[in-house]
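Residue numbering for the sequence shown follows UniProt numbering, starting at 1 and increasing by one per position.
Yeah, the Cβ is synthetic: ideal placement off N, Cα and C, and Gly gets one too.
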Amino acid sequence: MQKDSIPLANRLEEVYGTDPSYLGEQHARYTALHSRFVDLYGCQPEFIVRSPGRVNLIGEHIDYMGYGVLPMAIKQDTVIAVARGGDKLRLNNMASAHAEQDFSLDPAQEVDRDNHSWGNYVVCAYKGVHEHLARAGQPAPPLFGLQLLVEGRVPQGSGLSSSAALVCAASLAVLAVHGIAVSKHEVAQFAAECEKYVGTQSGGMDQAISIMGQAGVAKLISFNPVRAEDVRLPDGAMFVIANSLTVSKKAVSADFQYNMRVTECRLAAVALALACGVSPVEAGQRKLLAEVEEVVAAAAGGDAAAGVDKLLHDGGYFKAELEELLGVPLEQLLNEHQLRCVALAEKSTGLWLQKRARHVFREAARVPQFRAICHAPDLGTEAKLASLGALMDASQASCRDDFVCSSTNLDRLVAACKAAGALGSRLTGAGWGGCTVSLVREADACSFVAAVTHAYYDDPEQCEAAAGEREAHGGSLDHVIFTSRPSSGGAILDIA
Ligand code: NG1
Ligand code: MG
C-alpha cells in the first residue's frame, strides 16, 4: 500500500493501539454499532470507517490565511458503518437525541445552511466526493442508495473538530462503499473544501489532521497544496485538554463570529497591500495575509507585525472608510471573496483590521518556532518544555487581546491551569468557548488534573454544569478533562 493511501485496517489494534482496557471498550462500541446497524437496515454493514478529532497545539486562526499550523489527532473519533441499499442517503445516529435524516442522492443538492444539523456535514462529504471525482476527470460513480449509522465521540462545539471528524469519516464511508481509492492528501483537500457548504469559511487544518494524523507524532500542516510533516514532541511532555463547558457556537450564532474574523483578515490583507503601494488590481487578488507578509515586513525593517501597526489604525473600520480605502463598494469586495456577511461592517464595533492582522503574523511565526524547539538537538527537556509553554502562553494572550476569540470561561480555565502548574495553556480551535490545551510534565499530569478539577469544575460558577456532566457519565469527568497523546488518523476498517 502506498504511504499516502487511506489505511485499510483489519484489526482494531491497528487504529486504537494495544491498551487492553481501551481496546475492550472499542470492541464493545463496534459490536453495538454493528448490531444496531443490522436492526435498522436489515443487512450487514459493508465497511466501518473512522476519523478522529484533533487538538491544535499552536497556530490558531491562521490556516485560512495561508499559514501552517501544528495540531495532533486525538483518540476520540467518529465511526460510521455503511452499506448500499434503498434509494436515498439515509442517516441514523447512535445518539438517541438524533432522529433519522434522509437526503436525496443528487450530488448537486444544496446544503441547508439555515438549519444547522449533523446530517448537513454528511451531505457536505457526499457532495465533496462527487465533486472531487469530477474535478479529477474520473467517471461519476453510480448513484445507489446509501445507509449510514454514525457514532461520534468527539465532544461537539468544543474546539476539537467534531465537525471535521464527521465530514472526514463520511467521506471515507462514501469512498469505501464505491470502492474508490483516493490518497490522503486528496481527501484532506476536498474535505476542507466541502465542509464550507455548511457556511463556515474555514481553513483546512481540521480535515488535514483528521486524515493525516499519526500515532506518536504531532504534525506541521501546510497548505496550497496541503501537506503534513512529523513533529516529535519532547519526551516527558504531556498535553491535557480541558473543556470550559461553554459551547462554541461559531457557526450558528447570529453574528457568525468565525466568518467575521475571516472577513477582517481578508480585508486587512487587501488594505495592507494597498498601503504598501501594490496596485489596486493586484491588491484585490491578495486574499491571504501570507501573500502580503513580505511587503508589509519590508515597510518596517523586516517585522510584519510592526508593519501592521504602522500601516493600519487601531479600532474599528466602518463601511465609509473601508470603501474609501479599498476603492470599491464593500458589498462587491465581500462578494468577490465569497463572504456572505455583508452587513457586518455596519455593526456597531466595525471591523478591526490592525489587531487581527497583528495576531495572524505573530501567531504564524510561533508555529515554526514550536517545531524548531521540539527538534532542537542541543536543548534539554526542561528547556524545551519551558520554551514551548511560553509560546503557548503568548498564543493565548494574542487570541484573547488581538483576535478576541477567547471568552470569560476560557480565560478563567486558562488561569486555573496556569495556577495548577501548566507550563503553557491556551484555548484550542476556534475559541469563544470549547476547550483549552495545557502543557505539563508527564509526571505531574494526575495532580494537575486534580488541581484544575478542584479550581474550575468544583467552583460554584461551574459546578452545576460539571454536575450535569458527571451525572451523564457515571460520576466521572474523564471526558471533560483528559490527557492526550498524538493518535492515528482516518481509516477504513475491513472488519464489518
Ligand atoms: P474548530 O474549532 O474545530 O471549529 C476552526 C476551523 C479551523 C481553524 C480553527 C482556528 C472549521 C471546520 N475549522 O476549528 O480551520 O481555522 O477554527 O484555528 O471551521
Ligand atoms: Mg469544527
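Buried/exposed call for residue i, threshold 16 Cβ in 10 Å
i: Asp106; result: exposed
i: Asp494; result: exposed
i: Asp459; result: exposed
i: Asn93; result: buried
i: Ala254; result: Low confidence applies to Ala254: its pLDDT is 41, below 50, so where it sits in the model is not reliable enough to give any reading.
i: Leu334; result: buried
i: Lys3; result: exposed
i: Cys446; result: exposed
i: His454; result: exposed
i: residue 566; result: There is no way to answer for residue 566, as the model of the chain reaches only from 1 to 496.
i: Arg232; result: exposed
i: Ile481; result: buried
i: Ile241; result: buried
i: Ala472; result: exposed
i: Ser488; result: buried
i: Ser202; result: buried
i: Ser158; result: buried
i: Thr18; result: exposed
i: Glu151; result: buried
i: His375; result: exposed
i: Tyr41; result: buried
i: Glu186; result: buried
From the options, residue whose alpha carbon lies closest to that of residue i
i: Gly389; options: Gly421, Leu143, Asn120, His27; result: Gly421
i: Leu160; options: Trp432, Asp459, Gly474, Glu461; result: Trp432
i: Arg227; options: Asp206, Arg441, Val240, Leu245; result: Asp206
i: Val262; options: Cys405, Ser387, Asp314, Arg54; result: Cys405
i: Gly85; options: Val174, His473, Arg362; result: Val174
i: Ser484; options: Ser438, Asn10, Gly157; result: Ser438
i: Gly456; options: Asp114, Asn56, Thr436, Gly66; result: At residue 456 the sequence reads Tyr, which differs from the Gly that was named. Among Asp114, Asn56, Thr436, Gly66, the Cα nearest to that of Tyr456 belongs to Thr436.
i: Phe256; options: Ala304, Ala169, Ala430, Gln214; result: Ala430
i: Arg11; options: Val278, Val49, Asp444, Gly42; result: Val49
i: Gln369; options: Arg54, Val38, Gly17, Gly68; result: Gly68
i: Leu288; options: Phe223, Val123, Pro45; result: Phe223
i: Pro280; options: Ile241, Val414, Cys168, Gly327; result: Gly327
i: Ala365; options: Gln332, Ala297, Leu325; result: Ala297
i: Lys196; options: Ala300, Ser163, Thr18; result: Ser163
i: Phe37; options: Val82, Thr78, Glu471; result: Val82
i: Tyr16; options: Cys417, Ala136, Gly213; result: Gly213
i: Val440; options: Ala304, Tyr64, Cys417; result: Cys417
i: Ala306; options: Leu272, Leu325, Ala134, Glu324; result: Leu272
i: Val123; options: Leu133, Gln201, Glu110; result: Glu110
i: Arg426; options: Ala450, Asp401, His375; result: Asp401
i: Ala419; options: Leu391, Gly434, Phe448; result: Phe448
i: Ala108; options: Leu33, Cys194, Gly474, Gly66; result: Cys194
i: Pro234; options: Ser104, Arg153, Arg371; result: Arg371
CB contact check: residue i to chain B, cutoff 7 Å
i: Asp458; result: Looking for chain B here will not work: only one protein chain is present.
Pair within 7 Å by beta-carbon distance, residue i and residue j
i: Gly59; j: Val270; result: no
i: Leu274; j: Ala283; result: yes
i: Gly350; j: Gly316; result: yes
i: Leu172; j: Gly424; result: no
i: Val62; j: Val308; result: Per the sequence presented here, residue 62 reads as Ile, with Val not at that position. For Ile62 and Val308, no; Cβs fall outside 7 Å.
i: Met238; j: Glu442; result: yes
i: Pro52; j: Ala73; result: yes
i: Pro141; j: His178; result: yes
i: Ile373; j: Ser387; result: yes
i: Gln76; j: Leu245; result: no
i: Leu146; j: Leu89; result: yes
i: Arg356; j: Glu294; result: no
i: Leu220; j: Leu57; result: no
i: Ile211; j: Lys184; result: yes
i: Leu312; j: Gln354; result: yes
i: Ile6; j: Ile492; result: yes
i: Ser398; j: Glu363; result: yes
i: Tyr121; j: Val167; result: yes
i: Gly199; j: Arg113; result: yes
i: Ala169; j: Thr78; result: yes
i: Gly119; j: Gln138; result: no
i: Gly468; j: Ala290; result: no
i: Ala320; j: Lys310; result: no
i: Pro486; j: Gly216; result: yes
i: Ser248; j: Gly380; result: no
Pick out every residue whose C-beta is nearer than 5 Å to a heavy atom of the ligand NG1: which are they, in chain order? Glu60, His61, Asp63, Gly159, Ser161, Thr200, Ser202, Gly203, Met205, Asp206, Gly429, Ala430
For the pair the stretch 120–132 and the stretch 187–207, tell me if three or more CB-CB distances fall below 8 Å. Using a Cβ-Cβ distance cut-off of 8 Å, the stretch 120–132 and the stretch 187–207 are in contact, since at least three pairs of beta carbons, one from each stretch, lie closer than that value.
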